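Undergrad:
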Amino acid sequence: MTKFDVAIIGGGILGTTISYWISTLYDLKICVIEKEQDVAMHASSRNTGVVHSPFYLNPDTKKALAKSAILSYEMWKKLAEARNVIWKNTGVFEIGFDEKQHKSLEEYMKWGERNGIPDGDLELLESKDISKKEPNV
Numbered sequence: 206m207t208k209f210d211v212a213i214i215g216g217g218i219l220g221t222t223i224s225y226w227i228s229t230l231y232d233l234k235i236c237v238i239e240k241e242q243d244v245a246m247h248a249s250s251r252n253t254g255v256v257h258s259p260f261y262l263n264p265d266t267k268k269a270l271a272k273s274a275i276l277s278y279e280m281w282k283k284l285a286e287a288r289n290v291i292w293k294n295t296g297v298f299e300i301g302f303d304e305k306q307h308k309s310l311e312e313y314m315k316w317g318e319r320n321g322i323p324d325g326d327l328e329l330l331e332s333k334d335i336s337k338k339e340p341n342v
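The sequence shown begins at 206 in this note's numbering and counts up one residue at a time.
1. Find out if the Cβ-Cβ distance for the pair P264, A271 is shorter than 8 Å.
2. Distance, Cα to Cα, G217 vs F298?
3. Is there a C-beta anywhere in chain B that falls below 8 Å from the one on L329?
4. To the nearest angstrom, how far is it from the Cα of G321 to the Cα of K283?
5. So, helix, strand or coil for A212, using DSSP?
6. Just to check my reading of the structure: I235 and F209 have Cβ atoms closer than 8 Å, yes? What is that Cβ distance to the nearest angstrom?
7. Taking the beta strand (DSSP E) that D235 falls in, what are its first and last residues?
8. Taking the alpha-carbon positions, what's the V237 to D243 distance?
9. Out of curiosity, what's the CA-to-CA distance linking V256 and W281?
10. On the CB-based measure, 16 or more other CB atoms within 10 Å of its CB, does L262 come out buried or exposed?
11. Mind checking which residues open and close the alpha helix (DSSP H) that includes D334?
12. So I300 is in the alpha helix (DSSP H); what residue range does that whole segment cover?
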């Protein structure tokens, strides 16, 4: 019987990421246990493929999650560079159609800054400015 030092249950994005980083930090035998025929067969294969910065996380109630999101972002970027995987810093548009949604976007700006998103990575744009950056919107 093969023996392992670490067993990770689940071969989604979290399980495979954890196994990768443990393997880079420690000399351990790692086993990823996955019920499907391959990894990332469920939610991990159906996401947008975008690593988001935590601009939408309230730092008063989700501080640890926001901090881990910043760290995760940097780790994914580092992994992409190490493996020669294309990394595009594409950004995202969050659009507000009414006053309430606009207020939410203003709050996101404050939260993003408090969560440690670098200066210049967040902008609050008017309609005319959005079409300059992305004519298809």
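Heads up, the beta-carbon is just placed ideally off N, CA and C, and yes, glycines get one too. Model, not experiment: these values are computed from the prediction.
TA: A quick look at the data gives this:
1. Remark: C-beta atoms of P264 and A271 approach each other more closely than 8 Å.
2. Take the alpha-carbon of G217 and the one of F298: they are about 27 Å apart.
3. The structure shown has no chain B; it contains just one protein chain.
4. The alpha-carbon atoms of G321 and K283 are separated by roughly 18 Å.
5. Here DSSP, grouped into helix, strand and coil, assigns A212 to strand.
6. Under the criterion of beta carbons closer than 8 Å, I235 and F209 qualify as touching, at roughly 6 Å.
7. The sequence as given places Ile at residue 235; Asp does not occur at that position. Unbroken beta strand (DSSP E) run through I235: I235 to I238.
8. Rounded to the nearest angstrom, the gap between the Cα atoms of V237 and D243 is 11 Å.
9. Cα to Cα, the separation comes out at about 8 Å.
10. L262 counts as buried, since no fewer than 16 other beta carbons sit within 10 angstroms of its beta carbon.
11. First-last of the alpha helix (DSSP H) with D334: S332 to K338.
12. For I300, there is no enclosing alpha helix (DSSP H), as DSSP marks it with neither H nor E.
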